[in-house]
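Heads up: the structure comes next, in structure tokens.
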Amino acid sequence: MKGIFQLKENKIVFANQNCADLLKIDLKQLIGLPFLDISEGVQQLFFTNILNHLNIGELEEYQSEFQLKNGHNELGYYTIKFDRIINENNENRILGTIKANLSNPKEIENYIKIDRRYNSLLFNTLDGVYIYDYINEYIVDANSAAVRILKYDKKEELVGLPRSKFVPESSPFFPGINLLKYTDTHGDKVKRGESFSTHGIFKSKDGSQVLVKARVVPTFHKYGEGFVMFQDVTDVVQAQKALKSSGKKYRYVFENSHEAIVYLDLKSQKITICNDNALSLFGASNLEEFQKISFNGFYLEREDEKAKDEEFAALIQKTIAEERAEVDFWIKSKLGEIKRVKAVLVSDTSDKRKPRIVAFIRDITSLHEAQLALENKNTELEKYIASNLELENFAYFASHDLQTPLRSIISFTQLLQHSLKGKISVDQQDYMDFIISSGKNMKTLVDDLLTYSRVNTTEIEREEIDLNKIFVSLCADLRSLMEERNVKIDFINVPGKVYADDVKIKQVFQNLFTNAIKFTKAGVEPNIQINARETEEFWYFTVKDNGIGIAPEFQDKIFGMFKRLHTSEVYEGTGIGLAIVKKIIEQHNGEITLESKLGFGSTFSFTIAKELKKPNSNEGTRLNIN
Ligand code: ADP
Numbered sequence: 003m004k005g006i007f008q009l010k011e012n013k014i015v016f017a018n019q020n021c022a023d024l025l026k027i028d029l030k031q032l033i034g035l036p037f038l039d040i041s042e043g044v045q046q047l048f049f050t051n052i053l054n055h056l057n058i059g060e061l062e063e064y065q066s067e068f069q070l071k072n073g074h075n076e077l078g079y080y081t082i083k084f085d086r087i088i089n090e091n092n093e094n095r096i097l098g099t100i101k102a103n104l105s106n107p108k109e110i111e112n113y114i115k116i117d118r119r120y121n122s123l124l125f126n127t128l129d130g131v132y133i134y135d136y137i138n139e140y141i142v143d144a145n146s147a148a149v150r151i152l153k154y155d156k157k158e159e160l161v162g163l164p165r166s167k168f169v170p171e172s173s174p175f176f177p178g179i180n181l182l183k184y185t186d187t188h189g190d191k192v193k194r195g196e197s198f199s200t201h202g203i204f205k206s207k208d209g210s211q212v213l214v215k216a217r218v219v220p221t222f223h224k225y226g227e228g229f230v231m232f233q234d235v236t237d238v239v240q241a242q243k244a245l246k247s248s249g250k251k252y253r254y255v256f257e258n259s260h261e262a263i264v265y266l267d268l269k270s271q272k273i274t275i276c277n278d279n280a281l282s283l284f285g286a287s288n289l290e291e292f293q294k295i296s297f298n299g300f301y302l303e304r305e306d307e308k309a310k311d312e313e314f315a316a317l318i319q320k321t322i323a324e325e326r327a328e329v330d331f332w333i334k335s336k337l338g339e340i341k342r343v344k345a346v347l348v349s350d351t352s353d354k355r356k357p358r359i360v361a362f363i364r365d366i367t368s369l370h371e372a373q374l375a376l377e378n379k380n381t382e383l384e385k386y387i388a389s390n391l392e393l394e395n396f397a398y399f400a401s402h403d404l405q406t407p408l409r410s411i412i413s414f415t416q417l418l419q420h421s422l423k424g425k426i427s428v429d430q431q432d433y434m435d436f437i438i439s440s441g442k443n444m445k446t447l448v449d450d451l452l453t454y455s456r457v458n459t460t461e462i463e464r465e466e467i468d469l470n471k472i473f474v475s476l477c478a479d480l481r482s483l484m485e486e487r488n489v490k491i492d493f494i495n496v497p498g499k500v501y502a503d504d505v506k507i508k509q510v511f512q513n514l515f516t517n518a519i520k521f522t523k524a525g526v527e528p529n530i531q532i533n534a535r536e537t538e539e540f541w542y543f544t545v546k547d548n549g550i551g552i553a554p555e556f557q558d559k560i561f562g563m564f565k566r567l568h569t570s571e572v573y574e575g576t577g578i579g580l581a582i583v584k585k586i587i588e589q590h591n592g593e594i595t596l597e598s599k600l601g602f603g604s605t606f607s608f609t610i611a612k613e614l615k616k617p618n619s620n621e622g623t624r625l626n627i628n
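Using the numbering used here, the first residue of the sequence shown is number 3, and each one after it goes up by one.
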């Protein structure tokens with residue numbers, strides 16, 4: 003006959019009829035009975051130890067022969083097998099099978115009787131065990147675990163010690179208690195034959211204190227003698243303390259985090275905890291109000307409720323499967339505000355019975371708006387760039403194709419004027435003059451536009467160029483203009499050779515010189531000074547004139563296309579020259595700046611990078627468009 007029973011926290015929660023019959027206890031009485039009640043003495047202590055180990059998982063199973071007290075108060079011998087099991091609710095249980103062992107009761111009896119004190123099973127446990135004589139006050143025997151826990155070297159050192167040697171008078175663990183006096187009560191209990199559990203403090207050999215959980219059981223074969231079985235729980239207590247303080251730390255983070263923190267219970271699909279940030283993010287005034295918002299009722303991307311639910315369910319599944327998920331979505335607060343939030347969801351399965359998801363949510367509405375604005379700007383910019391590139395191409399082809407008909411208009415009008423000389427009125431002559439001069443103006447504009455387009459569309463070709471040669475050729479080109487205005491040019495510290503694009507650099511100086519000659523003050527002899535110095539990375543040039551100068555408010559503008567400060571009647575021009583200069587300087591990885599005071603001349607300063615780095619022609623194009 004084999005009985006089966008189940009223990010929960012050492013109480014019999016299930017037993018079959020066989021079990022009741024074997025133990026001669028009514029089945030109804032058996033259910034709910036602490037298992038230790040059907041044992042006594044050493045056996046009781048031993049069971050405590052075994053069940054303890056099974057409960058915490060240090061033992062998976064244990065089988066042995068035991069002496070139990072049946073319902074008629076008789077001692078019987080049984081073989082019991084304990085198995086640690088985890089039931090469907092994830093709870094620890096101990097499953098026991100029991101059968102009466104009548105095969106060799108004598109042997110067992112002897113085994114227990116002869117050497118109760120030295121029960122080898124007991125003494126081989128991981129827990130500390132000693133036998134204490136509460137009448138004569140000394141340790142009678144101790145196992146190796148007790149020696150180890152109390153930091154002695156060998157058993158002999160421990161045996162014979164009175165309580166005062168291994169129990170301290172006081173301890174920070176039990177403030178205000180005289181422990182020696184307190185443990186006197188233990189002796190009283192043992193003398194009365196009572197078993198009991200307690201917490202206590204031992205003083206180890208090196209003086210340190212060890213916090214223990216102990217069970218004391220009278221040995222019964224000698225009056226006033228007890229087994230003391232103990233576990234060192236110092237670490238456990240300290241860990242609990244640390245846990246408490248880490249709990250405090252956690253609470254601090256929880257309450258002071260910049261993020262909204264929300265716990266979602268997966269079983270009930272309800273929010274169970276949230277911090278103040280979460281309340282204000284969702285416009286709820288307390289947790290109860292918050293709980294009324296169903297999580298999947300949030301304003302996720304879709305309007306359609308069903309799609310929203312599906313999306314939410316998928317998000318939860320993903321979090322559970324991958325342990326973490328990140329998502330951006332819209333929410334509508336209770337106050338009706340629409341906010342964009344970023345949520346990091348973490349699955350928390352530390353408590354198997356209560357799986358939940360912790361969501362760390364951050365309001366990113368302004369960030370999102372800024373991102374959108376930036377994206378829009380980028381799209382606009384791209385469109386702008388594209389249209390400007392188109393415009394440049396158009397300018398190139400238009401100006402190029404306009405050249406021939408323009409030339410024809412001018413030259414045929416001139417021919418017409420010539421052949422009709424004397425046959426037409428003065429007014430008619432003037433009209434033709436006007437056509438010719440307008441045609442010439444237009445030709446200048448078209449030429450300048452073409453130059454600008456060419457500068458833009460051709461990459462620079464750097465080579466070692468001789469600046470002196472450029473200046474000589476420029477002066478030759480501008481000679482008549484210079485002579486006409488009596489212009490004096492001083493070249494100061496000008497380097498001979500630089501590494502640059504020959505044609506383009508000539509264009510830069512040509513435009514700057516032309517302007518310096520053009521925008522002169524009446525009655526002042528124009529003087530232009532070209533100066534240069536070099537740094538490790540750049541050539542640094544200045545072109546200074548003593549002309550009309552430029553008012554501060556226009557100094558930035560004049561580098562733009564078609565930006566002119568005067569009409570063509572006063573100073574002729576197209577407003578493209580400085581735009582070309584700026585473009586070329588940028589192609590040489592340089593910069594151009596202007597210093598000027600209205601009426602006191604202008605100084606254009608620019609740099610040319612010495613390094614050979616190829617400028618990004620596209621970038622250059624983009625930068626210059628405005
Ligand atoms: P343009 O010379 O064909 O008018 P630019 O682009 O070369 O076009 O110059 C733009 C404007 O900047 C000029 O119309 C003029 O008003 C001003 N400017 C340029 N250079 C000088 C200078 N050296 N002194 C005074 N004003 C200048």
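A virtual CB, placed ideally from N, CA and C, is assigned to each residue, including glycine.
Enclosing beta strand (DSSP E) for residue i [first to last residue]
i, result
"Leu9", "5-10"
"Asn529", "529-536"
"Lys341", "340-350"
"Asp547", "540-547"
Beta-bridge partners of residue i, as assigned by DSSP
i, result
"Glu597", "Thr605"
"Ile96", "Leu9, Arg86"
"Glu325", "According to DSSP, Glu325 bridges with nothing at all."
"Met231", "Val131, Arg217"
"Ser199", "Arg217"
"Phe168", "Bridge partners of Phe168: none, in fact."
"Gln211", "Lys205"
"Thr81", "Glu67, Lys101"
Residue range of the unbroken alpha helix (DSSP H) whose run includes residue i
i, result
"Leu286", "Going by the sequence as given, residue 286 is Ala instead of Leu. That residue, Ala286, is in no alpha helix (DSSP H); it is neither H nor E in DSSP."
"Ser468", "Correcting the residue type first, residue 468 is Asp in the shown sequence and not Ser. Looking at the DSSP string, Asp468 is not in any alpha helix (DSSP H); the run it does join, the beta strand (DSSP E), is 465-468."
"Lys490", "Premise fails: Lys490 lies in the beta strand (DSSP E), 490-494, not in any alpha helix (DSSP H)."
"Arg409", "367-421"
"Ile141", "That residue, Ile141, is in no alpha helix (DSSP H); its beta strand (DSSP E) goes 140-144."
"Glu485", "481-487"
As assigned by DSSP and simplified to three states, the class of residue i
i, result
"Phe16", "strand"
"Asp278", "helix"
"Glu109", "Caution is warranted here: a pLDDT of 45 is assigned to Glu109, below 50, making its placement in the model unreliable, and the coordinate value is therefore given only provisionally. Residue state, collapsed to three classes: helix."
"Lys70", "Just to set this straight, residue 70 is Leu in the shown sequence, not Lys. If DSSP states are grouped into helix, strand and coil, Leu70 belongs with the strands."
"Ser122", "Legend: pLDDT at Ser122 = 44, less than 50; position of this residue unreliable, no value from coordinates given."
"Pro36", "strand"
"Ser173", "strand"
"Tyr64", "strand"
"Gln431", "helix"
"Cys21", "helix"
"Val264", "strand"
"Gly189", "helix"
"Gly498", "coil"
"Ile363", "strand"
Any non-hydrogen atom of ligand 1 within 6 Å of residue i CB
i, result
"Ile519", "no"
"Leu567", "yes"
"Ser455", "no"
"Thr367", "no"
"Thr576", "yes"
"Leu480", "no"
"Gly562", "no"
"Asp330", "no"
"Ser604", "yes"
"Asp547", "yes"
"Ile530", "no"
"Ile550", "yes"
"Leu580", "yes"
Beta carbon of residue i nearer than 7 Å to that of residue j
i, j, result
"Phe204", "Val218", "no"
"Lys508", "Ile472", "yes"
"Ile552", "Ser598", "yes"
"Ala345", "Ala361", "yes"
"Val214", "Ser206", "no"
"Val500", "Lys585", "no"
"Lys153", "Asp208", "yes"
"Ile40", "Thr99", "no"
"Phe543", "Ala534", "yes"
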